[in-house]
Each structure stands twice: as structure tokens, then as C-alpha cells.
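J.: Chains A, B and C, in that order, are what the protein sequence lines are.
Under our numbering, think of the first position of the first sequence as 1016, with each following residue one higher.
Under our numbering, think of the first position of the second sequence as 601, with each following residue one higher.
Under our numbering, think of the first position of the third sequence as 3, with each following residue one higher.
Using N, Cα and C, we set each Cβ at its ideal position, and we do this for glycine too.
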Amino acid sequence: MADAAVATASDRAASRPRYGSMSRDRRWALRWSYFFLILFAIFFLTPPIYMFITSLKTSAEISAESNPWWVYNPTLSNYIELLTQNTYLTFFRNSAIVSVITVVITMTISVIAAFALARMRFWGSATLATGVFLTYLIPETLLFIPLFKMFAWVNETFGIQLMNNWWTMLILYPTLTVPFATWIMIGYFASIPKELDEAALIDGATWMQTLTKIFIPVALPGIIAATIFTFTVSWAQFLYPLAFTTSTTELVLPVGIITTLIKGDVFNWGQIMTGALLGAAPPLIIYAFLMDYYIAGLTAGATKG
Amino acid sequence: MADIAARGPAAVTGDSRSGLHKLMQRKSTIAFLMALPLIVLILSLVAYPAGYAIYLAMLNKGMTRFVGLGNFDFLFGRETFWMVVYQSCLFAITAVIFKAIIGFVVAHFVHNIPSKGQRKWRGMLLVPWVIPPAMSTLAWLWLFDPSYSAFNWILANFGIDRVPWLGETGWARFSVILVNVWIGAPFFMIMYLAALKSVPEQLYEAASIDGATWWQRIWYVTLPMMRNIIAITALFSLIVTFANFDIVRVLTKGDPLNTTHVFATWAFRVGIESGDIPLGSAVSLFMVPILAVAATFILRDISKRGSEV
Amino acid sequence: MVSRKVSRRRFVAGTTAVSTALVAAPFVRGAYAAGKLTLGLWDHWVPGANKTSEALIREWADKEKVEVTIDYITSQGNKLLLTIAAEAQAKSGHDMLSMAHWLPARYPDQLVAMNDIVEPLIKQNGAPNGTVEYLGKVNGKWLGVPCTIGSQIKGPCSRIDLMKQHAGIDVQAMYPVGAPPKADGWTLDAFLKAAEACQKANHPFGIGLGTTSDSVDTAGAFFHSFGAELVNAKGDITVKSDNVRKALDYCKRLTGFLPEDAPSWDDASNNKWLVSGRGALIMNPPSAWAVAKRDAPKVAEQCWSHGFPSGPAGRFAPYIPFFWNVWTFSKNASAAKSLLVHLSSRTSAEKLVVASGGYDLPAWEKFTDFKTWAEEAPPKGTLYHYPNPYNHQKLSIAASPAPHKIAEQIYTQGIMPQMIVRHHKGEAMEKTLDWASREIEGFMRN
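1) Would you tell me roughly how many angstroms separate the C-alpha atoms of residue 351(C) and residue 66(C), rounded to the nearest one?
2) Quick check on this structure: which residue in 44(C), 419(C), 315(C) has the alpha carbon closest to the alpha carbon of residue 217(C)?
3) Hey, is residue 691(B)'s beta-carbon within less than 7 Å of any beta-carbon in chain A?
4) Since residue 660(B) meets chain C, which of its residues come closer than 8 Å, beta carbon to beta carbon?
5) Under a Cβ-count criterion, where at least 16 other Cβ atoms within 10 Å of its own Cβ denotes burial, should residue 252(C) be classed as buried or exposed?
6) With 7 Å set as the bound, which would you pick, yes or no: does the beta-carbon of residue 329(C) sit closer than that to a beta-carbon of chain B?
7) Determine, using beta carbons only, whether residue 255(C) comes closer than 7 Å to chain B.
8) For residue 665(B), which residues from the same chain have a beta carbon less than 8 Å from its beta carbon, with the 5 sequence-adjacent residues on both sides left out?
9) Cβ of residue 1307(A) less than 7 Å from any chain C Cβ?
10) Would you identify the three-state DSSP class for residue 791(B), choosing helix, strand or coil?
11) Does any C-beta atom of chain A lie closer than 7 Å to the C-beta of residue 685(B)?
12) Taking the alpha-carbon positions, what's the residue 1128(A) to residue 1146(A) distance?
13) Quick one: which residues of the stretch 55-82 of chain C get their C-beta closer than 7 Å to a C-beta of chain A? List them in chain order.
14) So residue 306(C) is in the beta strand (DSSP E); what residue range does that whole segment cover?
15) Decide if residue 181(C) is buried, meaning its Cβ has at least 16 other Cβ atoms within 10 Å, or exposed.
16) Should residue 273(C) be flagged as near chain A, meaning a C-beta pair shorter than 7 Å?
17) Taking Cβ positions only, does residue 760(B) come closer than 7 Å to chain C?
18) Span of the alpha helix (DSSP H) holding residue 718(B)?
19) Using 7 Å as the limit for Cβ to Cβ distance, is residue 783(B) near chain A?
20) Give me the subset of the stretch 725-738 of chain B whose CB atoms are less than 7 Å from a CB atom of chain C, sorted by chain position.
21) Between residue 272(C) and residue 1277(A), what straight-line distance do the alpha-carbon atoms span, to the nearest angstrom?
22) Report yes or no: do three or more beta-carbon pairs, one from the stretch 814-826 of chain B and one from the stretch 730-741 of chain B, lie closer than 8 Å?
23) With DSSP as the reference, label residue 143(C) as helix, strand or coil.
24) Assuming residue 325(C) is part of the beta strand (DSSP E), what are its boundary residues?
25) Need the endpoints of the alpha helix (DSSP H) that residue 244(C) sits in, please.
26) Closer than 7 Å, CB to CB, is residue 443(C) near chain B or not?
27) Against chain B, which members of the stretch 400-426 of chain C pass a CB distance test of less than 7 Å?
28) Along chain C, in chain order, which residues have C-beta atoms closer than 8 Å to that of residue 651(B)?
29) Beta-carbon separation of residue 384(C) and residue 306(C) under 7 Å?
30) Alpha carbon to alpha carbon, what distance is there between residue 266(C) and residue 766(B)?
31) Helix, strand or coil: how does DSSP classify residue 34(C) here?
32) Can you give me the C-alpha to C-alpha distance between residue 275(C) and residue 713(B), rounded to a whole angstrom?
33) Does the pairing of the stretch 390-400 of chain C with the stretch 314-324 of chain C give three or more beta-carbon distances under 8 Å?
34) Are the C-beta of residue 712(B) and some C-beta of chain A separated by less than 7 Å?
35) Compare the C-beta of residue 93(C) with all C-beta atoms of chain A and state if any pair is closer than 7 Å.
36) Determine the contact status of residue 326(C) and residue 152(C), defining contact as a CB-CB distance below 7 Å.
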């Protein structure tokens, strides 16, 4: 084993042992790795697969005492029913609009603020940086009741009704995403060499120009990571929309599925699973394409912060 | 650097401007303005409602009278409250430990296999984290169902009795933690995998030359190198897990005998379901100091380490 | 939670005659100045039931020229409860909401008094049962109008075949169609024996012992059957009484014959237990039977809804009323009242009952004889005794007659099922009672 290591040590170019010189140990390690990976993949994928299986069943088959892991009479009726229902499409549209706009708002606020906090420093900026982190410690379960009261005040004072509107989420979601995104971005900006912006400033660039021309391009992986994070959080948020929206025209997807497909004590499992799978699709697709950036950005930002 | 920065814009625009304009040109003013949206957001939608929640927690049940710390005093005398404290800590700590271990182990295995296959595995293993938890927890609820549990169906085929997944304290605690680990472990895996990749290969080579076993390599090379990221990931996960609402709410609603309640779900039961909003706020407030203590410790540890390196 | 707008222009020609004849509507209708009304109604699980209520409301809206918006809100996950709490705090939202059991009494000062319409309605439709009055009328003020939609009795729904085969009980003979029940032998002792027999035959009774409403309601009815009150009407804790001990002891013995994960059952678990064909009896309104009719017809054909077994203190069945309530912040309370009179007429109530397949139970005394209950099938007459047509059992709610604010907490925190589970798990009777009285002391706060 030590031999093998020495042999590879001489070969600096390869980051891991070449297969030709692989020792018996190494091969066994690989086999064990695959074995355990398969085990973990089964653990991780069982629920989504079961969701898929259930989504293909009729309600009669779901209630039957047959093998739950097999579909005897596959049907697409759950999918057809959901996708032709206006309400479900409305949830989807609301979720998409809310998530995208939240991402835009979050990134605008947090990139600019992170730049100011990481590079420019002002009176109280260090406290603020800590404060940003501390907001993450305050759970939304604590905040939603005071928010009811605040919304009542807004309604009385300005006549703006914030209850039961999907766009209220655009105000609330950033409270969940901005602290983390700012924190990641502070970390990322801190890792950029100071010489870069000093040089730019000497050349006569304004602060905004320094940010847009130098920092944003360099920190792009971090920005992408924070963007994906924000999108995931907004897409999955449950408590705020549950507490603040009621009408079907205003609901977002997770709450919509739970509140319209479950009625009283009657669960429509086939449709619930279908809706859940379809609801999981957009973030899955985003991760499939952007995962590498996400990983790179998240780790750089989090460790250096 | 401060000098350069302060002179920078001024040098371009010239000095013959009004005082206000000069103020606007000052670095700290600009910086403050840039951070202003963040400050407004946090103050108005987090800090103010949090303060309001503290105020609410000091009212009587009918919200007509100020009772100071009366609600807290009342809570300290309730056995259910202490059970919720215990269960919340048990839930959060156990779940985070298992997430960290599983994440670490899986990251190692993924790191072990040839790079070209890694993307695919990584993608598959990340799925639980990407599905909105409210949705995936429903799938678990269905898998644990007393009448239709698909797990019990498999067990029955092996001649094993049906397991009361959510029906007995022990199993129910196991189940809610299991679901939390399932959702959170992939995030750890991804963070650790990235950290593993950033450990310089030379360190392992040096260790191998010294005759280190694989265990020693993990203990003396990998873990110290990943220290920061392990701490950060654990911290974030601890915060989120501690404040978790959906999993317990969907799976058990605190049953059996309130033994699976965590702070958030019990606060909901007391505050919303039983109509005692001040008491519910008082329960939720307990999450904050506990988390703050954890956060200070972990963060101090990181910065200490950071300055040593 | 289907949201629809009923525009005043969409007048439906040829609507059925509205029976506003008997009660004078207090709402004076102007030409077009009737304004807007937003309603939050319980989202009915029966397909099509929401459409019927919507049509009824539209019928009124067109006549009165009111623009109505309806949100159907599910009770699942306490969404309806959360909406009510939110609107109470935010002091804005729907004009009218349907609230179940304890909620009107939680907001007595924030709800419009309904005495001016409820009192004439009582004259017209007969008195509502005592539970409705206990929950809906606080200090002489009616906080809402008893609502047909969603009100239900959670009595037993048994499997005819399994009960006959394993317990030797013919539920159809006990509760025959078109005739008063012959259920003198249907006592708690008989119930316990049947539970044991069915459990031995691997078809245990599906009664939950969690903290959600179905479990609490059933436990509450058992306690009532023994005359066991945890808190009496004056607000004194009466946990340590012989009746409570007897009730607890009985429930403990019964628990031995229930599925072992019953302590975590929620309101859907018993439905699934019946539909899967495993259970011989559950305590539920006919939603489980209706789902079985769709998904497991063979099970449905063997279902029979009937009365509760009787105990030393009488025969009690759990009753969950819904109310229609109007917030004081509503700007159109008079319109809402006019609508409520319309919805409380016999024709409206009957339409709602028919649309719900017999599930909804109007609270009014004279409304228990609609044809639907006799006709619903299979098997024919399965719902005949569901609305308690012969007043053969007392309709009750768990934790009554305690003062509302205490009773509500006993109910929502599931104290009774928790006592049963504790005692069943081996905790000594007195320790369980100690625990319960300590918990209840905590509910005395105000």
C-alpha cells in the first residue's frame, strides 16, 4: 500500500492513482465505495421513487391491499388532472414569479451590501455584519404573529392590504434569503485580493464601477451559488405563505398542494404525490445544470467568511 | 487603503463642491447608503417583529395586561415545556450529528470513485435536499402510514411485525430524526465533498510516506483541513434543524404524548391552536438564546483557528 | 380553497324559489349599492359540495346585487384555524368565516352578535342541540349562526359483516332503517367485548388516541358516558373524581384492543383503517364510507353508521358544529346576515345536505328528516341513523361543560387521549390524574 502511494507520489500530474498501477487495496476500496454509495442512493432515493410510483396509481389501487411498490394499472390521470386544472397552474405561476423576483431582490440587496461591508467599512459596519448573521438565528415561527399585527397597522395607516396577496411574499422572503446571501458574499468578497480594487480606485473608478466591473465578475461563482440558494429557499418556503395567503389565486405551490389536495380528513395521495413531484422539478433541473458552480461558490463563501 | 479610497473619487471630481455633496462622496457615507436596503429590511421585518414578539411574550393570555416575565415563570413550571426543551435538543443534536457523519462518509465514497462518475452520483445523492421539504415529508408520512406503510409491507414479507413508525415515542423520535437526516445529509455531503477536493494531495502523499493508515490520514490530515467547513455547516444546520417546523408538524403533530414536539410545533400548538398567543411567543423565544450560544461558540472557534493558520 | 368571483351581472335565470318568506331579512336591499362580501368557507371534501354552496350563495347575491368572493379553506394542517387567528390579529380579511367548535367563543368581542337572526331561526327551524348552544352562545350573545356545512356527528361506522362474524352483533338490526333504534344492549360493556373479539380476529377497532380532533372527540364521548368531567361548568378542576377514574379505567381496557400505534393517529388514520378493510369499526362521520365507496366498494357495502354505546351516565355522541361568523371589522355585516338567513332555510339546508352526500348535519331540530339519509347507499339506509333522528343519543363535545377558554385547551391539547395513553402504558391511575390536573391548572391562566 505504501509502495503504491510512493509510486503515485512521483507522478504529480495525476490527482489520484492511475488505474494501471492500482493496488488490490485500492480496487477493494473502490468496490466498497460503490457498494456503500448504492446503499446510500437507495436510502436517499426511496421516497422520491415511491412518490413517482404512487403518482401513477388510481385512488382505488392506492386503497387496495396490494404490493405498494408496484403499479398494476399505471395511469397518467393524476398528471392530466393536475396539469389541466387552472388552480394548479396558478400555484406554479405564483411560485415561479415569487421565486424569480425574490432572487433578483435578494441578490441586488445582498451583493451591494456585502461589498460595502467587506470592502468599504463604515461606522458600525462590523456590528452590522454580525447582526446580519444573527438575524439567521431568529426563526420565522417567532415572527409571523407580530407580522399579522404589523400588517394590520399598515392596512389601517396606508390602506394597503398585505394579507392574502402573493406579492406580500416578495417582502417576506428576502428576510429569509438576504442574511445568508449577504454572508456568503461577504466571505467571497473578502477572498478577493485587495490589490485589485485598490488599483481600480487609483485608476479613478468609482465604488460602483469597482463593484460592477471587478468584484461581480470575479465573484460570479459565489453569486451563482447564492442565487441558487435563494431560489431553493423561496421555492420551498412553507410557513409564511401558509400564514399569509388563503385564496387559491394567491397561493404558492407547496401550500397550494397541501391545502387544496387534502380536504378535511380525505387525502388524495395520487394527486398529492404528483403535485409534489412536479413541484420538485424546477429546483431539480436548476441543480442538474448549475450544481458545480453552486458547490464551488458555497464552499468558498462559507469558509472564508 | 483607507487613504487611497478616500482620495479616489475626490481626485476625479475635483474639490469645488458643496458640503453635502462632499458628504455624499465620502466613502463611509456611500458604504452606508449601499448597506441601507439591507439595514431597512432587517430592522423592519426581522428586528422590529422580533422585538414585538418579546413584547407579546410579556402579555397575559387575553393580551390585555402586561405581566412581565410571568409567562416565562409559568413555562418553567410546566413539565411539558421541559420535555419540549429536551426533545428539541435531542432532535437537533442527534440529527446534526448523523447528518454530519453520513455526509462525511458519503462524501468520502464519492471522492473515492473515478472523477467522471462523480457528477452522476453527486446529482442523485443531492435529490432529497432539492425537493421542498413540505412535499417530501408528505411522501414519508405516506411511507409511515399505519394502514398502508410500504415499509411495513416489506417487513411483513420477511415475517417481521409491523413497526409503529409514528406510534411509539421511541420509534416516532427515530422517524422524525430520520426524515430530517434524509433531507439534510446531502447538503453536508456537498459541502464536505468540495472541502475534500480542496485538501492538497501532497499532504496525503506525505502522510503515506510516513506510513500512515487510512484512518490516521483521515484523523490527522482530512479532519483538521476540513475543520472550518465542518463547523460552519454544522452550525447552519443546527440553526435550521432547531427551528424546524414542517417535519414534526406533518409527521406526528407532537404525538404520541407530546414526546415529539419541538419548540416551533409546541409554540404553534399553544399559541395558535389553543389561542394563547403570548405563551406561544414565549416558547418560540427560547430558541433564540440557545442558538446564539451555539453560534458564538462555533464562530469563535473558527476565528481562533483561522488566526492560528 | 377554490376562489371564485360571483359577479352581479351573472344572473342565473330560473333559480329556484328562495324561502325568505318566513324570516324577515334585516338587510335592506338598495338598487346597486349592496357592496361587496368576502366569505371564507370550509373546503368540503365531497366533490361538488363546494359548487352547491357556491350556487346557493350566488342565488342570493344575484337577487341582492352583492358582489361575493368565496374562498374555500381546508381544515387540514389547521389552515382554517390559522386563517382565523391571522384575521383576528390583523383585524382584516374575510367578512364572514366558518369557524368550528371552540373558535367563536375564543373571539367573543370580535364577532357580530347574531341574536337578531338566530332567535327567529330557532322559531322557524326548531332549537339547535345543546352543544351548539354551549359553543355558539356566550353570555346570551349568539356569536354565529349554526352552519350546515361541515357540522357532523362522529359516531361509530361499523362493518356489518365483521361485527356479525366476530362479535355476534347485528348492527343493522340494532339500528334498522326507518325505525327507532333497538339498541338497549348496545352498552359500553358490549362495545368492549366486541372490540376484544374483533381484535382477536385481527380486525381491531380503529380508534385513534392522538391529539387531533377525531381522537379527542371519541375520548370525550366515552368520558361523558361515565359522567366524567375534568373541569365542571363553574371552572373547578374535578379530575380526581370517581367518574373520571371509571372512565379512564374503561378507556385503558379498551386501548388494549386498539392498534398499537393508535397514540399517533391523526384524523385521516381511522379513515384509511376502514378503507383498507382492516378495521371492524371506526368513529367518524361518513367521509370514510364515502371514500370507500369510491376506492374500495366491497368495504363500503358493509358499512353502517349508527349510534354510540351507552354508559352509566347515558348515551353520548361527539358532535362537531360549525358556525358562520361575521367579524366586527366587516363593513357589510347586514348583507352577511341576509345571506345567512338565506342559507339557513330548509331548502338551502337540504340542498347542502344532498350535495354532501348526507355528511353535513344541520343543527336545527326540524332538519333531521331529509330523504338523503334514508336513501344513501350502498347499503341502503347506511346513513339513516347518522343524523340522530330519534334523539336517541345526546350530542356532546369533549371537555364540555367547562368554561370555553379552559375547555378549548383541554380539547386542543388532547388531555383525555393523553391520559388514556399514559394510564395504558402502565402509569398508575393517581399519577395520571395528578398529571392531568397539573396540565389543566396551567389552562386556568387568563
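T.: Working from what's here:
1) For the purposes of this step, residue 351(C) is taken as the residue at position 349 of the third sequence. For the purposes of this step, residue 66(C) is taken as the residue at position 64 of the third sequence. Near 20 Å, if we compare the C-alpha coordinates of residue 66(C) and residue 351(C).
2) Numbered from its first residue, the third sequence carries residue 217(C) at position 215. Ranking the options by Cα distance to residue 217(C), first place goes to 419(C).
3) Position 91 of the second sequence, counted from the start, is the residue given in the question as residue 691(B). Output row for residue 691(B): interface = no.
4) The count along the second sequence starts at 1 and reaches residue 660(B) at position 60. Under the 8 Å cutoff, chain C gives 447, 448.
5) Your numbering for residue 252(C) matches position 250 in the third sequence. Buried is the call here.
6) Along the third sequence, one-based indexing puts residue 329(C) at 327. With 7 Å as the cut-off, residue 329(C) does not count as an interface residue toward chain B.
7) As a working note, residue 255(C) is residue 253 in the third sequence. Answer no: the Cβ-Cβ gap between residue 255(C) and chain B never drops below 7 Å.
8) Here residue 665(B) corresponds to residue number 65 of the second sequence, with the count starting at 1. Once the five neighbours on either side are set aside, the close Cβ partners of residue 665(B) are 659.
9) Here residue 1307(A) refers to the residue found at position 292 when the first sequence is read from its first residue. Cβ-Cβ to chain C under 7 Å: no for residue 1307(A).
10) Translated into positions along the second sequence, residue 791(B) becomes position 191. Note: residue 791(B) maps to helix in three-state DSSP.
11) As a position in the second sequence, residue 685(B) is number 85, starting the count at 1. Residue 685(B) has a beta carbon lying at 7 Å or more from every beta carbon in chain A.
12) Looking up residue 1128(A) in the first sequence gives position 113. Looking up residue 1146(A) in the first sequence gives position 131. The alpha-carbon atoms of residue 1128(A) and residue 1146(A) are separated by roughly 13 Å.
13) Per Cβ criterion, the list reads 73, 75, 76, 77, 78, 79, 81.
14) Position 304 of the third sequence, counted from the first residue, corresponds to residue 306(C). It spans 305-307 - the beta strand (DSSP E) in which residue 306(C) sits, taken as one unbroken run.
15) The sequence position of residue 181(C) within the third sequence is 179, counting from 1. Its Cβ having fewer than 16 others within 10 Å, residue 181(C) is exposed.
16) Here the question's residue 273(C) lines up with position 271 in the third sequence. At least one C-beta of chain A is nearer than 7 Å to the C-beta of residue 273(C).
17) On the second sequence, position 160 is the one that residue 760(B) refers to. Residue 760(B) does not count as touching chain C.
18) Looking up residue 718(B) in the second sequence gives position 118. 715-730 is the span of the alpha helix (DSSP H), which, as asked, contains residue 718(B).
19) Along the second sequence, read from residue 1 onward, the residue named residue 783(B) stands at position 183. So, not an interface residue.
20) none
21) On the third sequence, position 270 is the one that residue 272(C) refers to. On the first sequence, position 262 is the one that residue 1277(A) refers to. Each residue's alpha carbon lies about 15 Å from the other.
22) The stretch 814-826 of chain B vs the stretch 730-741 of chain B: no contact.
23) Against the third sequence, residue 143(C) aligns to sequence position 141. Residue state, collapsed to three classes: strand.
24) Translated into the one-based positions of the third sequence, residue 325(C) becomes position 323. Where residue 325(C) is concerned, the enclosing beta strand (DSSP E) stretches over 318-328.
25) Taking the first residue of the third sequence as position 1, residue 244(C) is located at position 242. Unbroken alpha helix (DSSP H) run through residue 244(C): 244-257.
26) Against the third sequence, residue 443(C) aligns to sequence position 441. Not closer than 7 Å to any Cβ of chain B, the Cβ of residue 443(C) fails to qualify, so no.
27) 410, 411, 414, 415, 420, 423, 424
28) Translated into the one-based positions of the second sequence, residue 651(B) becomes position 51. By Cβ distance, chain C contributes nothing, its closest Cβ being about 17 Å from residue 651(B), past 8 Å.
29) As a working mapping, residue 384(C) is identified with position 382 in the third sequence. As a working mapping, residue 306(C) is identified with position 304 in the third sequence. Between residue 384(C) and residue 306(C), the C-beta gap is smaller than 7 Å, which places the two residues in contact.
30) Counting from one through the second sequence, the residue named residue 766(B) turns up at place 166. Counting from one through the third sequence, the residue named residue 266(C) turns up at place 264. One Cα belongs to residue 766(B), the other to residue 266(C), and the distance between them is close to 6 Å.
31) To locate residue 34(C), count along the third sequence from 1; it is residue 32. Confidence at residue 34(C) is low in this model, with a pLDDT of 40, below 50, so its placement is unreliable and the value that follows should be read with caution. Correct three-state label for residue 34(C): coil.
32) Against the third sequence, residue 275(C) aligns to sequence position 273. Against the second sequence, residue 713(B) aligns to sequence position 113. Approximately 46 Å between the Cα atoms of the pair.
33) With a cut-off of 8 Å, the stretch 314-324 of chain C and the stretch 390-400 of chain C count as touching, because enough Cβ pairs lie within range.
34) In the second sequence, the residue the question calls residue 712(B) occupies position 112. At least one chain A Cβ lies under 7 Å of residue 712(B).
35) Start at 1 with the first residue of the third sequence, and residue 93(C) comes out as number 91. It does: the Cβ of residue 93(C) has a partner Cβ on chain A nearer than 7 Å.
36) By one-based count along the third sequence, residue 326(C) stands at place 324. By one-based count along the third sequence, residue 152(C) stands at place 150. No, they are not a contact pair.
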